[in-house]
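Chemist: Residue numbers (our numbering), protein chains in the order written: chain A, 1 to 369; chain P, 370 to 738.
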């Protein structure tokens, strides 16, 4: 059987799209493929230049998903975890969520000028990521207290949505959620088209990421695993609400990532994608001594022209040194952003995935368990 | 369009099964239905007697899933959460996980007789659920320390598997994982066949439930949300392991359930199923002031002949008093187990779901987002 490829259906999937998809199931059931298939075949990763990274991921996906392959992995076990900051969108020089937090804090200080005399607020507004993102940071606690704690989860989501609608990235002039990496969007689609479930496993906050991850990446809220604090259940005039607190703060970074993956997914991933030493343990957990043929990939920020080349600098916040050094011995594929990616960000209003027959096939297999 | 029904395919879904499923997609795409469909139509809930509970759930599922219905809910939002103990399998007189814990503790005391002098062990082995399951119970902490803490998650899962393979329920003489409620298994299948994702939201431990939930209910590990403690990531001779600790104990009961649902799913459920006052907040969170036409159901333990009638007794551990009192005002459907269920447990080696065309259709819809 030939490898699964994408067959774009140009019309939205309505009743006829569904009928076409149904007809297209036949070749994949082992029956003769109509000539149509070849004619519609497209490149699943058009923003990836030919090279070792592109070839490695395409051939691995084929190897673990093609029926009859000795390395075939059942769809139920096809979990792919992605770091977000620096892997799916930029994190240098400031993680985008930190920009949201600082913008929100500035707005609050404008409304309540007395806050400007708070020494912690003064330090925070200098925007040094290292001091704000240190594990257990009291400064971050204070800032979260001023920008998130006490809000219901709906109020918080509305605040993030409002920020995305108005804030623009100072260098690129675009809304932050339009600055996702187009090559990674294509990879997410390609994996899902082959029966994978794609997860975000991020040091960013779950409640922050969930607001826009489905539109930006096709990753729904229930597949976002981020840093978190507990919410508190309350009935307000009989209506249930969840209020954000500072309790049980969990920083989803480094050794926290395998821990949160186990808590949320309960399986070892089959593939993990990261960009910094904060992803080292996730990649080890995924690929080392995994009885399945697992896959690890590191996005190496080498593109000083279109983005930033920063990740091997001594004090960079998204530092990639130890994981890069371990990559060869573990077989992790390293993406050289400058060389491997022909496009960085999506075209304005670009569609996330082209509807493809393989996208329809994958869940059908998945349900056979 | 007629309501979706199940069409059992009697052969395992191989290449021809897939071809048949493909052909069956056509009627659901709005094209004429072949006569085949009617001939294969079956009752999705054969273990439910006709009555208000059965009618209510069937008509609600139809209402929220039928294309063109004013109450139609997109598949991505069709999340159904189920309590486990007392809702999907018995919890009286002792929750099954407590039986596992006590059996494991007894085995350890046999190997290390000095433990028999530990006053906490002596109290624990009396098996009083109230003292063991109180929130923050130090007794439970000590028992977990002796039966789970320090094990890798694989070692723990192997221990649960071994127990299921050998332990038998004292009254029913069957392995515990064969004592799930057959009517609820049918309901889980019916919901999934209509594009729902089914979740366990249980006071039991995630690591305990995940071992057997997929085989027993068709609920995979990543849709199990239970009580938990953190694991700790370690490299042992370079191999990654997760070790169970007692840190960050989370009891997933009462107001903890909406909190864990938000943490894991990030959406309000569309339906919630429980059996005790421990599920009250989950049902409120799901059904009160939900802009979607939500559904709540309580399993009322009324069957003293086939099971136990206990849940309105003053000191019962799975007490159903407050939630039952609130049911009428919130429109929650109450299942009278003695009256509404014709069968309690599945036949030995019964198949979980009959493969049905609707099971194949649902994920196709779900992926259109």
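Even for Gly, the Cβ is constructed at its ideal location relative to N, Cα and C.
These numbers come from a predicted model, not from an experiment.
Is the shortest distance between the beta-carbon of residue 599 of chain P and the beta-carbons of chain A less than 8 Å?
Modeler: yes
Chemist: Measure from the alpha carbon of residue 283 of chain A to the alpha carbon of each residue in A:347, A:261, A:302 and A:304, then state which is nearest.
Modeler: When only C-alpha atoms are compared, the closest one is A:261.
Chemist: Return no unless some Cβ of chain P is closer than 8 Å to the Cβ of residue 349 of chain A.
Modeler: no
Chemist: Can you have a look at residue 639 of chain P and say buried or exposed, based on whether 16 or more other CB atoms are within 10 angstroms of its CB?
Modeler: buried
Chemist: What is the rounded straight-line gap between the Cα of residue 81 of chain A and the Cα of residue 562 of chain P?
Modeler: 27 Å
Chemist: Taking just the CA atoms, how far does residue 594 of chain P sit from residue 633 of chain P?
Modeler: 7 Å
Chemist: Residue 246 of chain A and residue 232 of chain A: beta carbons closer than 8 Å?
Modeler: no
Chemist: Can you find a CB in chain P that lies within less than 8 Å of the CB of residue 204 of chain A?
Modeler: Not closer than 8 Å to any Cβ of chain P, the Cβ of residue 204 of chain A fails to qualify, so no.
Chemist: Give the DSSP bridge partners of residue 273 of chain A, in chain order.
Modeler: A:82 and A:297
Chemist: Comparing the C-beta of residue 289 of chain A with each C-beta of chain P, is any distance below 8 Å?
Modeler: yes
Chemist: Short check: CB of residue 223 of chain A to CB of residue 200 of chain A, under 8 Å?
Modeler: yes
Chemist: Using a 10 Å radius around the Cβ and a threshold of 16 neighbouring Cβ atoms, would you call residue 654 of chain P buried or exposed?
Modeler: Per the 10 Å Cβ criterion, buried.
Chemist: Flag residue 78 of chain A as yes when its Cβ comes closer than 7 Å to any non-hydrogen atom of the ligand GTP, and as no otherwise.
Modeler: Absence of the ligand GTP from the depicted structure is noted, as is the absence of any ligand whatsoever, leaving it without description.
Chemist: What's the gap between the Cα of residue 477 of chain P and the Cα of residue 578 of chain P?
Modeler: 22 Å
Chemist: In its own chain, which residues sit with a C-beta less than 6 Å from the C-beta of residue 353 of chain A, not counting the 5 before and 5 after it?
Modeler: 189
Chemist: Can you find a C-beta in chain P that's less than 8 Å from the C-beta of residue 265 of chain A?
Modeler: yes
Chemist: Tell me which residues share the same chain as residue 607 of chain P and place their Cβ nearer than 8 Å to its Cβ, disregarding the 5 neighbours each side in the sequence.
Modeler: Counting only Cβ-Cβ distances below 8 Å, and skipping sequence neighbours, we find nothing.
Chemist: Rounded to the nearest angstrom, what separates residue 117 of chain A and residue 279 of chain A at their Cα positions?
Modeler: One C-alpha to the other measures close to 37 Å.
Chemist: Quick one: grab the DSSP three-state call for residue 254 of chain A.
Modeler: Coil.
Chemist: With a cut-off of 8 Å, do at least 3 Cβ pairs link the stretch 144–159 of chain A to the stretch 181–188 of chain A?
Modeler: no
Chemist: Do residue 560 of chain P and residue 515 of chain P count as a contact pair if the criterion is CB distance below 8 Å?
Modeler: no
Chemist: Do residue 47 of chain A and residue 317 of chain A come within 8 Å of each other at the CB atom, strictly closer than that value?
Modeler: no
Chemist: Quick one: which chain P residues come within Cβ less than 9 Å of residue 238 of chain A?
Modeler: By Cβ distance, chain P contributes 653, 657 and 658.
Chemist: Measure the beta-carbon distance from residue 636 of chain P to residue 448 of chain P and round it to whole angstroms, keeping in mind my assumption that it falls under 8 Å.
Modeler: 6 Å
Chemist: Please report the Cβ distance between residue 275 of chain A and residue 202 of chain A, rounded to the nearest whole angstrom; I am assuming they are in contact, meaning their Cβ atoms lie under 8 Å.
Modeler: Contact doesn't hold; Cβ gap of about 11 Å is too wide.
Chemist: Per DSSP, residue 602 of chain P is paired with what?
Modeler: Looking at the DSSP assignment, residue 602 of chain P forms a beta bridge with P:611.
Chemist: Please report the straight-line C-alpha distance between residue 420 of chain P and residue 671 of chain P, rounded to a whole angstrom.
Modeler: 16 Å
Chemist: Should residue 664 of chain P go down as buried or exposed, given a rule of 16 or more other Cβ atoms within 10 Å for buried?
Modeler: Result: buried.
Chemist: Using CA coordinates, which residue listed in P:603, P:472, P:567 and P:573 is at the minimum distance from residue 588 of chain P?
Modeler: When P:603, P:472, P:567 and P:573 are compared, the shortest CA-CA separation from residue 588 of chain P is found for P:567.
Chemist: Cutting at 7 Å between CB atoms, please list the residues of its own chain near residue 211 of chain A, excluding the five before and the five after it.
Modeler: 157, 160 and 161
Chemist: Could you check the C-alpha separation between residue 677 of chain P and residue 459 of chain P for me, to the nearest Å?
Modeler: 9 Å
Chemist: Going straight from the alpha carbon of residue 21 of chain A to that of residue 75 of chain A, what length do you get?
Modeler: At residue 21 of chain A, the pLDDT of 40 sits below 50, so the modelled position is not reliable and the matter cannot be decided from this model.
Chemist: Quick check on DSSP: helix, strand or coil for residue 104 of chain A?
Modeler: helix
Chemist: Thinking C-beta only, is residue 689 of chain P closer than 8 Å to residue 667 of chain P?
Modeler: yes
Chemist: Given a cut-off of 8 Å, decide if residue 240 of chain A and residue 658 of chain P are closer than it, judged by their beta-carbon atoms.
Modeler: yes
Chemist: Note down, in chain order, each residue of its chain lying with its Cβ closer than 8 Å to the Cβ of residue 669 of chain P, except the 5 sequence neighbours on either side.
Modeler: 644, 680, 689, 693, 703, 704, 705 and 706
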